[in-house]
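If you read the sequence shown in numbering that gives the first Met the number 0, its first letter stands for residue 0, the second for the next number, and so on.
So the structure is just underneath, and the comments pick up after that.
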Amino acid sequence: MNSEPRVARYGALLTTGGLYMTGVYLASVTIVLPYILSTQGVIWAAGLIYPAYIVGYIIGNASAPAVVARSGARVHLVLAGSAVAQAACVLIEATAASTDFFVAGVFLTMSVVAGIACGINTIAEAEIVSRKLPEARRPGYFLACTAVGSLAVIASTLLLTPFLAARDPHHSQVDLLWLGAAGILIAGIAAVAVGPVRPEWDEPLAGGLATSYRDGWKVARSQPWFQQNLITQVLFVPISLSATFYTLHSQQAFGDAPGNLHALVVFGGLGIIVGAPFWRYVFKAAGVRGMLVTSAVISFCTALICIVAEVFDEWSLDWVHGFVIMLSMVAAQAIFSASISWISAFAPAHERATLIAFGTLLVAIQAILLGGILGAIAHNSSAIWPVVVILLMNLCAAVVATRAPGRSAAGPSPAPGAESLDARPSQV
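Structural data, given as structure tokens:
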């Protein structure tokens, strides 16, 4: 007999989480938006889409605790409102792409706004889950959302495949944005059905970006373990950006073929499905060090596959592109959870949120600087050296990852929202 307590409106909560992930991934800032911009020749903006989104995500995370605290029992309305706002951003992007109206500026601006909405949505979802679900059921909920969202992405993308040959490739790419907006909008409506939750806010409110930077800098200067954590996060930024790099590399080599973007989306969805349970197993078996080293090794092997494909002139095969994207998504999925677990193992409870925010801020700054550069060199699809650059960056990340804490010092599992955080800023 099942002794677990029944959770009120769990179906509405799972529907909200699953459809939200479906919509966000169909309008992915790592694959779909950069690909569409690259198709239109706006290379510089394609490489900056993901960094712009991360900047917005940081702002959203910084403001979310106060918003959630003031909402009291009506956190579900914060969840719904942030989802509707993000759906509106995707609709504006789809309209701009369909009409060719100032696409680069619209995509970058809406990516920042969508990142803010996602940052608020993530905290609101984590708060609702922590109030509604017992601790033992929370990891299962996030894994279920990952599975539902990824399978829905694959199914909806495959349903479009029979119609691709008869449609203009540019319009068929924008179809993914329309579907993504619909998924996020329905998720927002479903969030209303989740209903109010018991008011509860025990943690102190965050002091904003300025406070996070000031306090984080103090800890960084005095704590060697946090210095090592920051160095590791910085060196892993290329792995976080690798899916966008390979997407742009693929578009330049094979972008005129109908359905190329759709194939990348399907393979990326498979990567999320594989990565979620895989990284939970790696964390339990080898801790933070195991996650980071494995992530770097996977990313290194991905670059190696690309180099071999270039040497033997097999890069034009679409399944090679898809397999590379899948591995990139798996590799990137571990980074944020590993960083949270590392900080949780060493930092006092009252400093964790500040240190996580400070580290994410540094990552965003580097992503802005590096995103445009990687986006530009990714278009040299006939040359090997761009992928060699990525391979060397991955090798540096693997070396520094060996200094991360092992299983004995891995600390507690990622916070309730960690699984969903991984799926949003790093992989969508």
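Here a beta-carbon is modelled for each residue, glycine too, at the ideal position from N, C-alpha and C.
Can you name, in chain order, every residue of its own chain whose Cβ lies under 7 Å from the Cβ of residue i, other than the five neighbours on each side?
i           : result
residue 404 : 286, 287, 288, 341, 344
residue 394 : 299
residue 225 : 218, 219, 354
residue 337 : 287, 290, 291
residue 378 : 42, 247, 251
residue 14  : 189
Apply the 10 Å Cβ neighbour rule to residue i and answer buried if 16 or more other Cβ atoms are within range, or exposed otherwise.
i           : result
residue 56  : buried
residue 204 : Low local confidence applies: a pLDDT of 49 at residue 204 is under 50, so the model's placement there is unreliable, with the coordinate-based value given in what follows. The residue is exposed, with fewer than 16 neighbouring Cβ atoms inside 10 Å.
residue 230 : exposed
residue 372 : exposed
residue 124 : buried
residue 106 : buried
residue 131 : buried
residue 17  : buried
residue 221 : exposed
residue 179 : buried
Would you kindly work out how many angstroms separate the C-alpha atoms of residue i and residue j, rounded to a whole number?
i           : j           : result
residue 37  : residue 46  : 9 Å
residue 325 : residue 360 : 27 Å
residue 50  : residue 68  : 28 Å
residue 310 : residue 71  : 59 Å
residue 104 : residue 235 : 28 Å
residue 12  : residue 185 : 12 Å
residue 409 : residue 400 : Model confidence at residue 409 stands at a pLDDT of 45, short of 50, so the residue's coordinates are unreliable; what they give is reported in the following sentence. Taking the straight line from one Cα to the other gives about 13 Å.
residue 223 : residue 150 : 42 Å
residue 200 : residue 128 : With a pLDDT of only 49 at residue 200, under the threshold of 50, the placement of this residue in the model should not be trusted; the figure read from the coordinates follows. Cα to Cα, the separation comes out at about 13 Å.
residue 433 : residue 348 : A query on residue 433 cannot be resolved here, the shown segment of the chain reaching from 0 to 427 and no further.
Using alpha carbons as the reference points, say which of the options lies closest to residue i.
i           : options            : result
residue 173 : 29, 261, 20        : 261
residue 333 : 297, 302, 307, 322 : 297
residue 53  : 43, 73, 178, 115   : 115
residue 279 : 122, 24, 142, 258  : 142
residue 157 : 308, 323, 364, 259 : 259
residue 177 : 111, 265, 39, 95   : 95
residue 351 : 233, 215, 301      : 215
residue 376 : 249, 308, 273      : 249
residue 467 : 113, 97, 74        : A query on residue 467 cannot be resolved here, the shown segment of the chain reaching from 0 to 427 and no further.
residue 265 : 331, 160, 183, 330 : 160
Beta-carbon within less than 6 Å of residue i's beta-carbon, same chain only, minus the 5 sequence neighbours each way: which residues are those?
i           : result
residue 79  : 187, 190, 191
residue 366 : 50, 53, 236
I believe residue i touches residue j by the beta-carbon criterion, under 8 Å. Please report the beta-carbon distance rounded to the nearest angstrom.
i           : j           : result
residue 148 : residue 293 : So it is not a contact: roughly 23 Å between Cβ atoms.
residue 356 : residue 60  : 7 Å
residue 268 : residue 152 : 4 Å
residue 402 : residue 227 : 6 Å
Please report whether the beta-carbon of residue i lies at a distance below 8 Å from any beta-carbon of chain C.
i           : result
residue 189 : Absence of chain C from the displayed structure is noted, only one protein chain being present.
Using C-beta distances below 8 Å, list every residue in its chain close to residue i, excluding the 5 sequence neighbours before and after it, in chain order.
i           : result
residue 194 : 7, 8, 11, 75
residue 428 : Residue 428 falls outside the range modelled here, since the chain spans only 0 to 427, and no answer is possible.
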